[in-house]
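Colleague: Quick note: the sequence shown uses my numbering, first residue 198, plus one each step.
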Amino acid sequence: MNNKEEQRDPKFIGRGGHGNIGKTVQKPKNIKKSTKRLLTWFSPYKGLIMLVILCSLSAAVFTIIGPKILGRATTEIFEGITSSLKGGDGIDFGSIKSILLILVVLYFISSAFTFISGFVMSTITQKISRKMRKDLLDVIHGMPFSRFDATTHGDILSRVTNDVDLLSQSLNQSSIQILTSVTTMAGVLVMMLSISVVMTLITLVVLPLSMIIISRIVKKSQTYFAAQQKSLGALNGQIEEVYSGQLTVKAFNGEEEQLESFIKTNEQLYDSAWKSQFLSGLMMPIMHAIGDIAYVAIALIGGMLAIRQTITVGDIQAFIQYMKSFTQPISQIAQISNLFQSTIAAAERIFEFLDEQQEEDISSVCTINRLEGSVDFSHVSFGYDKKNQVIHDFTAHIRPGQKVAIVGPTGSGKTTMVKLLMRFYDVDSGEIRIDSHNIAELGRNDLRSHFGMVLQDAWLFAGSIRENIRYGNLQASDEMVERAAENAHIDHFIHTLPGGYDMEINEDSSNISQGQRQLITIARAMISDPEILILDEATSSVDTRTEELIQRAMDTVMKGRTSFIIAHRLSTIQNADIILVMKDGDIVEMGDHQSLLKQKGMYHQLYQAQFERTGA
Numbered sequence: 198m199n200n201k202e203e204q205r206d207p208k209f210i211g212r213g214g215h216g217n218i219g220k221t222v223q224k225p226k227n228i229k230k231s232t233k234r235l236l237t238w239f240s241p242y243k244g245l246i247m248l249v250i251l252c253s254l255s256a257a258v259f260t261i262i263g264p265k266i267l268g269r270a271t272t273e274i275f276e277g278i279t280s281s282l283k284g285g286d287g288i289d290f291g292s293i294k295s296i297l298l299i300l301v302v303l304y305f306i307s308s309a310f311t312f313i314s315g316f317v318m319s320t321i322t323q324k325i326s327r328k329m330r331k332d333l334l335d336v337i338h339g340m341p342f343s344r345f346d347a348t349t350h351g352d353i354l355s356r357v358t359n360d361v362d363l364l365s366q367s368l369n370q371s372s373i374q375i376l377t378s379v380t381t382m383a384g385v386l387v388m389m390l391s392i393s394v395v396m397t398l399i400t401l402v403v404l405p406l407s408m409i410i411i412s413r414i415v416k417k418s419q420t421y422f423a424a425q426q427k428s429l430g431a432l433n434g435q436i437e438e439v440y441s442g443q444l445t446v447k448a449f450n451g452e453e454e455q456l457e458s459f460i461k462t463n464e465q466l467y468d469s470a471w472k473s474q475f476l477s478g479l480m481m482p483i484m485h486a487i488g489d490i491a492y493v494a495i496a497l498i499g500g501m502l503a504i505r506q507t508i509t510v511g512d513i514q515a516f517i518q519y520m521k522s523f524t525q526p527i528s529q530i531a532q533i534s535n536l537f538q539s540t541i542a543a544a545e546r547i548f549e550f551l552d553e554q555q556e557e558d559i560s561s562v563c564t565i566n567r568l569e570g571s572v573d574f575s576h577v578s579f580g581y582d583k584k585n586q587v588i589h590d591f592t593a594h595i596r597p598g599q600k601v602a603i604v605g606p607t608g609s610g611k612t613t614m615v616k617l618l619m620r621f622y623d624v625d626s627g628e629i630r631i632d633s634h635n636i637a638e639l640g641r642n643d644l645r646s647h648f649g650m651v652l653q654d655a656w657l658f659a660g661s662i663r664e665n666i667r668y669g670n671l672q673a674s675d676e677m678v679e680r681a682a683e684n685a686h687i688d689h690f691i692h693t694l695p696g697g698y699d700m701e702i703n704e705d706s707s708n709i710s711q712g713q714r715q716l717i718t719i720a721r722a723m724i725s726d727p728e729i730l731i732l733d734e735a736t737s738s739v740d741t742r743t744e745e746l747i748q749r750a751m752d753t754v755m756k757g758r759t760s761f762i763i764a765h766r767l768s769t770i771q772n773a774d775i776i777l778v779m780k781d782g783d784i785v786e787m788g789d790h791q792s793l794l795k796q797k798g799m800y801h802q803l804y805q806a807q808f809e810r811t812g813a
């Protein structure tokens with residue numbers, strides 16, 4: 198996992214010694230409620246579930262019958278050898294052949310039923326997983342921005358990927374296994390009792406002894422497994438931080454300090470890991486040792502009963518097979534019960550996410566075909582936290598086609614105003630109107646389709662440069678893509694790359710520079726041909742020469758369009774029609790560049806700090 202929060206949280210990582218024994222388990226909050234809800238996801242597949250149950254039970258039944266029939270073959274051989282020693286007819290190979298043929302048919306049928314149940318169950322669980330992922334993605338698209346602010350990306354990613362995968366795999370494996378295990382235990386117990394009640398009682402006495410010993414070891418090892426997972430998460434987090442911040446570590450000569458911290462955590466991991474692995478490694482030898490003692494006891498008692506001719510040699514051989522078949526399902530059920538808790542916990546996390554409050558979007562009172570571009574902020578107030586207002590009584594009137602710059606110190610509310618304009622958040626009081634339409638009465642998708650936006654954080658997805666530019670207008674032709682790139686002054690750079698417009702940008706866009714990423718997002722905004730443009734520090738990551746070229750292109754693109762420009766570089770907004778100077782959520786000054794300089798107020802101070810002190 199790439200997310201640091203997940204790496205440091207042991208609930209996301211769990212490994213044990215044998216199977217799931219000793220594994221750190223995430224505890225569910227409400228097993229009954231979550232299990233009941235999980236079962237509703239299987240309701241569309243009731244017929245297939247019944248088929249899985251019938252096939253699993255049939256496979257178990259045919260497997261259970263096998264050792265009893267094989268015991269008959271062993272008895273035939275033993276009695277044949279005894280008869281030949283006494284001068285009798287010897288071994289009846291015809292009878293043995295028939296028994297073995299029946300046995301092969303039984304095991305073949307059992308395997309066929311197992312294959313069918315596994316195939317059908319895999320189909321069901323994958324269909325459920327597919328629907329879950331689709332529903333989760335629908336929830337993500339419908340979540341309000343406030344929820345994204347309160348939730349880490351790693352947590353969302355974990356629910357969509359890790360939790361769904363865990364749920365799918367465990368349901369696919371454990372659902373069939375639990376059916377066959379329970380059926381096998383019940384069937385084997387019946388078969389064991391039919392052979393010998395005495396030997397069955399010996400088996401039932403020995404098994405609790407092994408379970409008591411194992412439970413104590415598990416309880417002891419859990420402490421070390423928890424410590425191991427905590428240390429492992431911390432170690433992974435340190436490795437990721439050092440790897441991603443290698444430039445900073447080297448620049449400040451922090452290698453020795455990072456190494457000391459790593460060694461300390463690594464030692465803690467070593468100490469807890471070897472203890473947990475050692476204890477979990479004791480489980481199977483102890484189980485085998487107790488099983489061997491039981492086998493010896495069964496062999497002795499069985500031999501005595503065979504001498505007395507109470508049971509046959511074949512029955513002893515069949516009983517030993519049944520004894521092994523009886524202990525194995527117990528271990529499987531113990532593992533499944535451990536896995537079941539993790540499965541239900543994963544289901545709870547998925548259901549919690551599916552129950553997230555969705556962004557309310559009323560049906561559009563009106564649909565806008567084309568905007569003129571007038572924007573009115575009327576006594577707008579807003580706060581991310583209702584107790585702390587970010588915007589206080591904001592009022593401004595923007596005419597169609599005007600170029601509006603918003604400046605001010607960090608935290609003054611510049612970007613918040615843009616988020617309110619695009620309805621990423623709704624105002625607490627007041628209203629925002631576009632062409633006399635209250636945006637609260639417009640559908641969000643309809644409203645946002647008229648905006649083009651370029652953010653300071655240039656986001657690109659893994660794909661070709663052409664696809665990233667076309668993201669602004671999916672119907673755009675290749676010629677439109679290239680023309681937008683030319684207007685953004687990135688066409689020449691693209692042609693120097695291997696593959697040109699078809700060059701693949703990697704997942705984190707690290708194979709191109711930050712400035713180049715910014716230019717591509719500007720081209721993407723241009724190709725969307727919006728009526729209103731929003732530029733949030735759009736030129737912050739490019740050099741001065743490129744900034745000048747982009748500024749000319751943007752001036753051309755902004756003609757006839759209402760534009761909002763958030764900028765710290767005042768050189769980019771000197772030709773703005775209106776400059777709004779914000780401080781602490783209020784407009785403290787408003788006017789054009791020259792008039793604001795004459796006021797000798799905050800804008801003059803910002804301008805002086807950027808230009809006059811540097812001699813510009």
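C-beta: ideal position from N, C-alpha, C; glycine also.
(1) Specify, as a first and last residue, the run of the alpha helix (DSSP H) that Thr-718 falls within.
(2) Count the other C-beta atoms from every protein chain shown that fall within 10 angstroms of the C-beta of Ser-674, then say buried if there are 16 or more, exposed otherwise.
(3) Determine the burial state of Asp-360: buried for a count of at least 16 other Cβ atoms within 10 Å of its Cβ, exposed for fewer.
(4) Using the Cβ count rule (16 or more neighbours within 10 Å means buried), how would you classify Gln-802?
(5) Okay, do the region 754-764 and the region 787-797 touch, 3+ Cβ pairs below 8 Å being the bar?
(6) Distance check for Phe-523 and Ala-503, CA to CA, integer angstroms please.
(7) Measuring only the C-alpha atoms, how far is Ile-828 from Thr-612?
(8) Would a C-beta distance cut-off of 7 Å place Met-480 and Ile-414 closer than the cut-off?
(9) Count the other CB atoms, across all protein chains shown, that sit within 10 Å of the CB of Ile-709; report buried if there are 16 or more and exposed otherwise.
(10) Based on DSSP bridge pairs, tell me the residues matched to His-634.
(11) For the candidate residues Glu-437, Leu-466, Gln-443, Ile-399, whose alpha-carbon lies nearest to that of Lys-427?
(12) Would you mind giving the Cβ-Cβ distance between Ser-725 and Gly-669, rounded to the nearest angstrom? I have them listed as a contact below 8 Å.
(13) With a threshold of 7 Å on Cβ separation, who are the neighbours of Ser-255 within its own chain once the five nearest residues in sequence on each side are excluded?
(14) According to the Cβ coordinates, are Gln-150 and Ala-470 closer than 7 Å?
(15) So is Glu-701 buried or exposed if we call it buried at 16+ other beta carbons inside 10 Å?
(16) Would you check if the region 585-603 and the region 639-659 touch, i.e. whether three or more CB-CB distances between them fall below 8 Å?
(17) Are there 16 or more other CB atoms within 10 angstroms of the CB of Ala-431, so buried, or fewer, so exposed?
(18) Comparing C-alpha positions only, which one of Leu-251, Gly-291, Gly-339, Leu-404 sits nearest to Asp-489?
(19) Give a yes or no on whether the C-beta atoms belonging to Met-389 and Tyr-519 are separated by under 7 Å.
(20) Kindly examine the ligand ATP and report whether one of its heavy atoms sits closer than 6 Å to the Cβ of Glu-704.
(21) Relative to the C-alpha of Val-387, which candidate in Leu-456, Lys-328, Ala-515 has its C-alpha closest?
(22) Classify His-689 as buried or exposed, calling it buried when 16 or more other Cβ atoms lie within 10 Å of its own Cβ.
(23) Assuming His-692 is part of the alpha helix (DSSP H), what are its boundary residues?
(24) Can we say the region 564-579 touches the region 373-388, given the rule of at least three CB pairs closer than 8 Å?
(25) In three-state terms, what does DSSP make of Val-601?
(26) Across which residues does DSSP place Met-787 in a beta bridge pair?
(27) Using DSSP with H/G/I as helix, E/B as strand and the rest coil, what is Asn-708?
(28) Leaving out five residues on either side along the sequence, give the residues of the same chain with a beta carbon under 6 Å from the beta carbon of Gln-807.
(29) How big is the Cα-Cα spacing for Ala-722 and Glu-734?
(30) Just grab the DSSP bridge partners of Gly-660 for me.
(31) Three-state secondary structure (DSSP) at Phe-574?
(32) What are the boundary residues of the beta strand (DSSP E) that includes Gly-442?
(33) Mapping DSSP to helix, strand and coil, what is Asp-552?
(34) Who are the near neighbours of Ile-487 in its chain, counting only those whose CB is closer than 7 Å to its CB and skipping five residues on each side?
(35) In or out: Thr-841 buried (at least 16 other Cβ within 10 Å) or exposed?
(36) Measure the C-alpha to C-alpha separation of Leu-551 and Ile-250 and round it to an integer number of angstroms.
Modeller: Inspection of the coordinates gives the following:
(1) The residue you call residue 718 lines up with position 521 of the sequence shown. Annotation for Thr-718: the continuous alpha helix (DSSP H) segment containing it runs 711-724.
(2) Along the sequence shown, one-based indexing puts residue 674 at 477. So Ser-674 ends up on the exposed side.
(3) The residue given as residue 360 occupies position 163 in the sequence shown. Classification for Asp-360: buried.
(4) Residue 802 sits at position 605 when you count from the first residue of the sequence shown. Exposed, since its Cβ has fewer than 16 Cβ neighbours within 10 Å.
(5) Segments in contact, no.
(6) By one-based count along the sequence shown, residue 503 stands at place 306. By one-based count along the sequence shown, residue 523 stands at place 326. Straight across, the Cα-Cα distance linking Ala-503 with Phe-523 is about 22 Å.
(7) Residue 828 lies beyond the residue range present for the chain, which begins at 198 and ends at 813; the question has no answer from this structure.
(8) Counting from one through the sequence shown, the residue named residue 480 turns up at place 283. Counting from one through the sequence shown, the residue named residue 414 turns up at place 217. Yes, these two residues count as a Cβ contact at 7 Å.
(9) Here the question's residue 709 lines up with position 512 in the sequence shown. Burial call: buried.
(10) As a first step, residue 634 must be located in the sequence shown, where it is residue number 437. In the DSSP output, where bridge partners are listed per residue, His-634 has Ile-631.
(11) For the purposes of this step, residue 427 is taken as residue 230 along the sequence shown, with counting starting at 1. The residue with the shortest Cα to Cα distance from Lys-427 is Leu-466.
(12) By one-based count along the sequence shown, residue 725 stands at place 528. By one-based count along the sequence shown, residue 669 stands at place 472. 4 Å between Cβ atoms; contact.
(13) Residue numbering aside, residue 255 sits at position 58 when the sequence shown is read from its first letter. Phe-310, listed in sequence order.
(14) Because the chain is modelled from 198 through 813, residue 150 falls outside the range shown and cannot be assessed.
(15) Against the sequence shown, residue 701 aligns to sequence position 504. That one is exposed.
(16) No: fewer than three Cβ pairs fall under 8 Å.
(17) Numbered from 1 along the sequence shown, position 234 holds the residue referred to as residue 431. It is buried - the Cβ of Ala-431 has at least 16 other Cβ atoms within 10 Å.
(18) Counting from one through the sequence shown, the residue named residue 489 turns up at place 292. The option with the nearest alpha carbon to Asp-489 is Leu-404.
(19) Here the question's residue 389 lines up with position 192 in the sequence shown. Here the question's residue 519 lines up with position 322 in the sequence shown. Yes, the pair counts as a contact, with Cβ atoms nearer than the cut-off.
(20) For the ligand ATP, the structure offers nothing, since it holds no ligand at all.
(21) As a working note, residue 387 is residue 190 in the sequence shown. Residue Ala-515 is the option with its Cα nearest to Val-387.
(22) Along the sequence shown, one-based indexing puts residue 689 at 492. The residue in question, His-689, is exposed, as its Cβ has fewer than 16 Cβ neighbours within 10 Å.
(23) The residue given as residue 692 occupies position 495 in the sequence shown. That run of the alpha helix (DSSP H) goes 688-692.
(24) At 8 Å Cβ cutoff, the stretches do not touch.
(25) Counting from one through the sequence shown, the residue named residue 601 turns up at place 404. Annotated three-state conformation of Val-601 is strand, per DSSP.
(26) Counting from one through the sequence shown, the residue named residue 787 turns up at place 590. Bridge partners of Met-787: Leu-777.
(27) Position 511 of the sequence shown, counted from the start, is the residue given in the question as residue 708. In the structure shown, Asn-708 sits in coil (DSSP, three-state: anything other than H, G, I, E or B).
(28) Counting from one through the sequence shown, the residue named residue 807 turns up at place 610. Closer than 6 Å at Cβ, skipping near neighbours: Leu-767.
(29) Here residue 722 corresponds to residue number 525 of the sequence shown, with the count starting at 1. Here residue 734 corresponds to residue number 537 of the sequence shown, with the count starting at 1. For Ala-722 and Glu-734, the gap between their C-alpha atoms comes out near 14 Å.
(30) Sequence index remark: in the sequence shown, residue 660 carries index 463 (1-based). Answer by DSSP bridge pairing, in chain order: Ile-702.
(31) Here residue 574 corresponds to residue number 377 of the sequence shown, with the count starting at 1. DSSP places Phe-574 in strand when its eight states are reduced to three.
(32) Looking up residue 442 in the sequence shown gives position 245. In this chain, Gly-442 is not harboured by any beta strand (DSSP E), its DSSP state being neither H nor E.
(33) Stepping through the sequence shown from its first residue, residue 552 is reached at position 355. Asp-552: coil per DSSP, three-state reduction.
(34) As a position in the sequence shown, residue 487 is number 290, starting the count at 1. For Ile-487, where only same-chain residues beyond five positions count, the Cβ hits under 7 Å are Val-403, Leu-406, Ser-407.
(35) No answer is possible for residue 841: the residues shown for the chain start at 198 and end at 813.
(36) If you number the sequence shown from 1, residue 551 lands on position 354. If you number the sequence shown from 1, residue 250 lands on position 53. A direct Cα-to-Cα measurement between Leu-551 and Ile-250 gives close to 29 Å.
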